[in-house]
Amino acid sequence: MITFVSTSPELLEVELSIINSNPFYNRIIKGREKLTAEEIQQEVEETIQLGAERYVICSDDQPIGIVEYLSLNPNDGYPWLGLFMIDKAYQGRGYGNQAFQAFEQRLIRQKIQAFRLAVNIENEPAHIFWKRQNLQYVKHSITHNNMEVIIYEKKFDS
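Residue numbers (UniProt numbering): 1 to 158.
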């Protein structure tokens, strides 16, 4: 069973392990393959200051990923999924699909009608994953730190 555990200082090493299990992602997003605990802590603090929710994704109490969600992005008025990452050891085994479906159900229960996310133009595995989850292309964009991304959206039936 998939569960979501709110991030906490006690989970910092768990998050660090999950993030550093994905060196390709770190390289295209942060410019290097490994991040430090301090960098993750700063990222978590910034996320919370923005009003986002961050969770460790667990499957039968085993940490398998991280999800970060902003219920209202002031820039466009949409809810945004800021991060959805599965530990490399659990990729390709259906855990990402299960975790996303469980999170999607949370959004539906909260009466969310749509959400958006951005994928780095170079992150082909993520583009494939999100298209399989029936997200639709919205537009190309350049982020505040000059990264080229594609914005996707998923709408839910009312």
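Glycine included, C-beta positions come from ideal geometry on N, C-alpha and C.
Nothing here was measured: the structure is a model prediction, and the numbers come from that model.
In the same chain as Trp-130, and ignoring 5 residues on each side of it, the C-beta atoms closer than 6 Å to its own belong to Tyr-152, in chain order. Met-1 is classed as exposed because its beta carbon has fewer than 16 other beta carbons within 10 Å across all chains shown. Ile-18 and Phe-103 have their C-alpha atoms some 18 Å from each other.
Residue pairing of Ser-141 in beta bridges, as defined by DSSP: Val-149.
Its chain contains Val-5, Val-56, Pro-63 as the residues whose beta carbon lies nearer than 8 Å to that of Leu-11, once the 5 sequence neighbours on both sides are disregarded; these appear in chain order. Taken atom to atom, the span from the alpha-carbon of Asp-60 to that of Ala-99 is near 12 Å.
Counting only residues of its own chain and dropping the five nearest sequence neighbours on each side, Val-149 has a CB closer than 8 Å to the CB of Ala-118, Val-119, Asn-120, Ile-121, His-140, Ser-141, Ile-142, Thr-143. Cβ neighbours of Ile-108 within its own chain (closer than 6 Å, five residues either side excluded): Phe-156. Where Ile-86 is concerned, there is no enclosing alpha helix (DSSP H), although the beta strand (DSSP E) around it starts and stops at 80–86. For Gly-96, there is no enclosing beta strand (DSSP E); the residue is found in the alpha helix (DSSP H) stretching over 95–109. Per DSSP, the continuous beta strand (DSSP E) segment holding Thr-3 begins and ends at 2–6.
By the CB criterion at 7 Å, Tyr-78 and Glu-53 fall outside the cutoff. Nearest to Gly-82 by C-alpha distance, out of Asn-73, Ala-37, Ile-40, Arg-132, is Asn-73. The beta carbon of Gln-136 sits closer than 6 Å to those of Glu-153, all from its chain and outside the five residues before and after it, given in chain order.
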